[in-house]
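Numbered per full-length UniProt numbering, the sequence shown finishes at 282, counting up by one with no gaps.
Report on the structure given below.
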Amino acid sequence: METRELRYFVAVAEELHFGRAAQRLGIAQPPLSRAIGQLERRLGVELLARTSRVVALTEAGAVLLREARAALDAVAAAERRTRRAAQATTGQPGLVLAAKAGASGELLSQLLRAYAAEPDAATVEVLLCGIAEQERLLRDGRADVALLHRPYDSTVGLDTEELRTEGQVAVLPAGHPLTGRSHLRMADVTGLPDLPTPRWPCPDGAYEDGPGPQVRDATQLYQLIALGRATAVMPESCRAQLRDDLAAVPVVDAPPVTTVIAWPPHSRSRALAQLIRTATRL
């Protein structure tokens, strides 16, 4: 299969309409239809069920959509990493680090200071991301290294080193009756009808199901909690960013959160290796 065919198929599979897909790709509809037909004949499977009114994915088409997205992301990542490798040989900035905004702030500051003090340290560009974005930036080649948080972020297919494991707390509006408790359990937090837990974005950009408000980042979340519209269970280190109108109570049965530094397994960057050594030493 060619990357052109995969791009064509992804457009049709996402739009479920040949006309809209052709417009999105900037081509005419007949060659797009022919390309999809040729791809189906070569694979020997039906990818799209077509009627005069509806286009729908078959089971085989759903599999190819998932695999094609991953393949196209890998191609784009290879292009970006190749260009950045060439920049490194000409003395241009070498490392891009992705981290979730509002998370691991103290750890990130310590890491950057310690690494900058190392001999021949490369410059580090920091990308502060929204929820679930730093993993995507790392996988698609826009970042060389990232701080991820298990179990919330997936590290499958990445090399990692564990940096810190911590418990979690429930973040509540200051003055809420539960803030007088010494500790809580998950059932105490998830069962609050007036303070639903937020819905975070998934890696594909869609939001989780549930009754809670959609939340893009920590700033928006803290504002909603302060207004009495939500609550959230977050790593213990979030206490450093809490405002006066928020309170945190330990949740004793919440799963621990492990912060890891993660990078692509094929990386051979000396600057990255030094950064990782610095992180594990800290």
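Even glycine gets a Cβ: it sits at the ideal position worked out from N, Cα and C.
Check: Alpha carbon of L16 to alpha carbon of A56, nearest angstrom; Outcome: 6 angstroms
Check: N- and C-terminal bounds of the beta strand (DSSP E) containing M234; Outcome: 232-235
Check: Beta-carbon proximity check, I225 vs T231, cutoff 8 angstroms; Outcome: yes
Check: Within 8 angstroms, strictly: CB atoms of P30 and H149; Outcome: no
Check: Exposure of L138, with buried meaning 16 or more beta-carbon neighbours within 10 Å; Outcome: buried
Check: Presumed contact (8 angstroms Cβ cut-off) between D153 and E135, rounded CB distance; Outcome: 5 angstroms
Check: Local conformation of E15 per DSSP, three classes; Outcome: helix
Check: Bridge partner(s) assigned by DSSP for W263; Outcome: D159
Check: Proximity winner among A187, A35, R142, relative to G127 (alpha-carbon distances); Outcome: According to the sequence shown, residue 127 is Leu rather than Gly. With distances taken between Cα atoms, L127 lies closest to R142.
Check: Within 8 angstroms, strictly: CB atoms of P151 and P265; Outcome: no
Check: Contacting residues, own chain, Cβ-Cβ under 8 angstroms from T278 (five flanking each side not counted); Outcome: L111, A114, Y115, E118
Check: In DSSP terms, what R164 is bridged to; Outcome: T259
Check: Same chain, Cβ closer than 6 angstroms to R164, five either side skipped, listed in chain order; Outcome: T259
Check: Per-residue burial, V156 [other beta carbons within 10 Å of its own, 16 or more giving buried]; Outcome: exposed
Check: Which listed residue (R53, D217, A71) has its alpha carbon closest to that of R199; Outcome: D217
Check: Host beta strand (DSSP E) of R50 (start-end); Outcome: 48-50
Check: Three-state class that DSSP yields for R10 in the structure shown; Outcome: Sequence inspection shows Val at residue 10; the Arg mentioned does not correspond to that position. In the structure shown, V10 sits in a helix (DSSP, three-state: H, G or I).
Check: Alpha-carbon to alpha-carbon, T123 and Q92; Outcome: At Q92, the pLDDT of 48 sits below 50, so the modelled position is not reliable and the matter cannot be decided from this model.
Check: Of the residues A98, L107, G94, the one placed nearest D120, counting alpha carbons only; Outcome: G94
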